[in-house]
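First up is the structure itself, then whatever we jot down about it.
Numbering (our numbering), first residue to last: 56 to 239.
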């Protein structure tokens, strides 16, 4: 057990801090781009409709995206100054969480493309905002569970950090869903 804890406490990243920063910015930009494309394609089709598409679009507004960019950049810089292990947990965690999110969003983009081409669906379905938030939350928690298990098995701080970031995102979406659709 001591070896395991020493390995976990000694977590480092194989890339220099500037490369982690570049990777994070690239993944952040790619994730936001894919999300915007998915939202536009979903808005252009008639099979799956959203009850309140503006509520989802709010998360992609420039002011929200710039605030996220600023907060996470500050967090990366701060944890870099606080030490390599903490930077591996936070910096690596942010990169891993964004890479996982990008994968999930690419799936959403492929789904939206098929709907926009009019293939694979008939009829129409309107999804409530609470349902959409609940779905996003559960997908994020699924990704967090995968990162948590991998992080524990491999004693890797970056994977565990990614699990924390993705898990907190998932929990936040579930909280939003509950606030919109309280239990009866």
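All residues carry an ideal CB built from backbone N, CA and C; glycine is no exception.
Own chain, CB closer than 8 angstroms to residue i, minus 5 neighbours either side, in chain order
i: residue 113; result: 119
i: residue 157; result: 82, 85, 86 and 89
i: residue 140; result: 64, 65, 66, 67 and 212
i: residue 179; result: 101, 102, 103 and 104
i: residue 165; result: none
Backbone CA spacing between residue i and residue j [nearest angstrom]
i: residue 88; j: residue 56; result: 43 angstroms
i: residue 126; j: residue 59; result: 32 angstroms
i: residue 186; j: residue 195; result: 14 angstroms
i: residue 227; j: residue 192; result: 7 angstroms
i: residue 45; j: residue 223; result: Lying outside 56 to 239, the shown extent of the chain, residue 45 is not represented and no answer is given.
i: residue 232; j: residue 111; result: 12 angstroms
i: residue 225; j: residue 152; result: 11 angstroms
i: residue 121; j: residue 131; result: 15 angstroms
i: residue 137; j: residue 71; result: 15 angstroms
i: residue 163; j: residue 190; result: 12 angstroms
i: residue 77; j: residue 117; result: 20 angstroms
7 angstroms Cβ shell around residue i - same chain, five flanking residues per side excluded
i: residue 176; result: 102 and 170
i: residue 98; result: 108
i: residue 161; result: 89
Neighbourhood of residue i by C-beta distance below 6 angstroms, restricted to the same chain and skipping five residues each side
i: residue 182; result: 105
i: residue 167; result: 93, 96 and 97
i: residue 236; result: 185
i: residue 79; result: 149 and 150
i: residue 91; result: 115
Collapsed DSSP secondary structure at residue i in the structure displayed
i: residue 180; result: strand
i: residue 157; result: helix
i: residue 105; result: strand
i: residue 62; result: helix
i: residue 210; result: coil
i: residue 117; result: helix
i: residue 94; result: helix
i: residue 123; result: helix
i: residue 56; result: coil
Nearest-angstrom Cβ-Cβ length linking residue i and residue j, presumed shorter than 8 angstroms
i: residue 66; j: residue 212; result: 3 angstroms
i: residue 68; j: residue 143; result: 5 angstroms
i: residue 218; j: residue 62; result: 17 angstroms between Cβ atoms; not a contact.
i: residue 221; j: residue 155; result: 6 angstroms
i: residue 146; j: residue 134; result: 6 angstroms
beta-carbon residue i near the ligand COA non-hydrogen atom, thresh 8 angstroms
i: residue 228; result: No copy of the ligand COA occurs in the structure displayed, which carries no ligand at all.
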